[in-house]
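J.: There's a structure below that I have some questions on.
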Amino acid sequence: LLAQIPVMIATAHRLAHAKRQIQPDPALGFAENLLYLLTDRHGDTAARAMARVLDVSLILYAEHEFNASTFAARVAASTLTDLHAAITAAIASLKGPLHGGANEAVASMLLEIKSRDRAEQWVREALASKRRVMGFGHRVLRKGDSRSRIIQRHAEVLSRTCRDTRWYEIATTVDRVMQQEKDLYPNLDFYTAVAYLLMGIPQDLYTPLFVCARITGWCAHVIEQQDHNRLIRPRSLYTGPPPQVYVPIDQRI
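My numbering applies: residue 1 is where the sequence shown begins, and numbers increase by one.
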C-alpha cells in the first residue's frame with residue numbers, strides 16, 4: 001500500500017488533467033519519487049531540497065494516535081475485515097471537513113492574503129468578523145504543536161533555496177498576530193502549506209498526500225488491532241423521553 005497508493009493518486013490526477021503518464025524512477029527515494037510523480041520535478045538543486053522537506057512532512061504526518069481516521073481503521077479492523085478494507089474506512093473519514101483538508105485550507109488562505117503587507121490587517125479583519133483563521137489550534141495539543149516548529153524551520157530554508165520567501169513571510173506574520181490576539185499556536189498543517197506551495201503541488205492533492213504519509217500509521221494500528229483483537233462495539237446511553245403508555249389505535253384521539 002505504501003508503494004501503490006502514491007502511484008494511484010498521481011496516475012488519477014494526471015488522467016484528470018490530461019497530463020502524460022510517468023513511472024516511478026527506481027533510482028529515486030520515496031519522497032523524491034512522490035515529488036516527481038506529482039510535479040514532474042527531480043534532479044535539480046531545488047527539487048532535491050523540496051524532496052527533503054517533503055520527506056520531513058511525511059514523517060511528521062505518519063502517525064498521531066487515535067484521530068478520527070485511525071479510529072475508523074481500527075473499528076473496521078476489529079470486525080476481522082482485511083487490511084485494504086480497514087484503510088478504505090480510514091480514507092473515507094477524510095472526506096469530512098473536520099478531519100482532513102486543513103493544509104489545503106491554509107494554502108487557500110495564504111493565496112487570498114497575497115502579500116506580507118496585507119497579512120496583519122487580513123487577520124485582524126478575519127477575527128473581527130468571527131471568520132476562522134486556518135491552521136491554528138489542535139484538539140489534543142492545546143499548548144502548541146512541536147511538529148509545527150520542525151516543519152517551519154524546513155519551510156524557511158526551502159523558501160530561501162527557492163528564492164521565494166513570500167508565502168513564508170505571510171505565514172510568520174499571521175502566526176505572530178494569532179499568538180498576540182488569541183494566544184493560539186500553529187498546528188502541523190500551517191507551515192506544511194507553505195512548503196507545499198513552494199513545491200508547486202496542486203492543492204487538490206494535499207489531502208491525498210496526507211494519505212500517502214498516514215498510511216504508515218494506519219497500517220501499524222490495523223496490525224496491532226489484529227494481533228490483540230476484540231470487536232470495538234461502543235454502547236450508547238438513551239436520553240430521550242421516558243417509556244410511554246401504549247394506547248390502542250381505536251382509543252387514540
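Ideal Cβ positions, reconstructed from N, Cα and C, are used throughout, including at glycine.
Assuming contact is defined by CB atoms lying nearer than 8 Å, are Ile-5 and Ile-215 in contact in what I supplied?
T.: The answer is yes: Cβ separation under 8 Å.
J.: Note down the Cα distance separating Asp-189 from Val-140, rounded to an integer number of angstroms.
T.: Going by the C-alpha atoms only, they are around 14 Å apart.
J.: Check the DSSP bridge columns for Pro-186 and list the partner residues they point to.
T.: Answer is Phe-136, bridged to Pro-186.
J.: Just curious, the alpha helix (DSSP H) that Gln-226 is in, first and last residue?
T.: Note, Gln-226: alpha helix (DSSP H), 206-227.
J.: Sort Leu-98, Ala-105, Asn-103 and Ala-68 by Cα distance to Phe-87 and report the nearest one.
T.: Residue identity differs from the one stated: residue 87 is Ile in this sequence, not Phe. Nearest option by C-alpha distance: Ala-68.
J.: According to the Cβ coordinates, are Ala-171 and Leu-110 closer than 8 Å?
T.: It is a contact, given that the beta carbons lie within the stated cut-off.
J.: Report the CB separation of Gly-135 from Ala-193 in whole angstroms; it is logged as a contact under 8 Å.
T.: So it is a contact: roughly 7 Å between Cβ atoms.
J.: Using the Cβ count rule (16 or more neighbours within 10 Å means buried), how would you classify Leu-197?
T.: Buried, by the Cβ-count rule.
J.: Kindly indicate the opening and closing residues of the alpha helix (DSSP H) around Val-75.
T.: 68-78 is the span of the alpha helix (DSSP H), which, as asked, contains Val-75.
J.: Alpha carbon to alpha carbon, how far is Ser-78 from Ala-49?
T.: Rounded to whole angstroms, Ser-78 to Ala-49 spans 41 Å at the Cα level.
J.: Quick one: Cα of Thr-39 to Cα of Leu-94, how far?
T.: Approximately 23 Å, taken between the alpha carbons.
J.: Kindly indicate which three-state DSSP category Gln-203 falls into: helix, strand or coil?
T.: Helix at Gln-203.
J.: I'd like the ranges of any alpha helix (DSSP H) spanning at least 4 consecutive residues and lying wholly in the segment 136-181.
T.: Listed in chain order, the complete alpha helix (DSSP H) runs (minimum 4 residues) inside the segment 136-181 are 146-161.
J.: When the Cα of Arg-131 is compared with those of Tyr-206, Thr-81 and Ala-105, which residue comes out closest?
T.: When each option's Cα is compared against that of Arg-131, the closest is Ala-105.
J.: For Val-133, tell me which candidate among Tyr-206, Ser-146 and Ala-107 has the shortest Cα-Cα distance.
T.: Ranking Tyr-206, Ser-146 and Ala-107 by Cα distance to Val-133 puts Ala-107 first.
J.: With DSSP collapsed to three states, give me the class of Glu-63.
T.: The answer is coil: DSSP assigns Glu-63 none of H, G, I, E or B.
J.: Helix, strand or coil for Arg-41, going by three-state DSSP, please let me know.
T.: The answer is coil: DSSP assigns Arg-41 none of H, G, I, E or B.
J.: Does DSSP classify Thr-11 as helix, strand or coil?
T.: In this structure, Thr-11 counts as helix in the three-state DSSP scheme.
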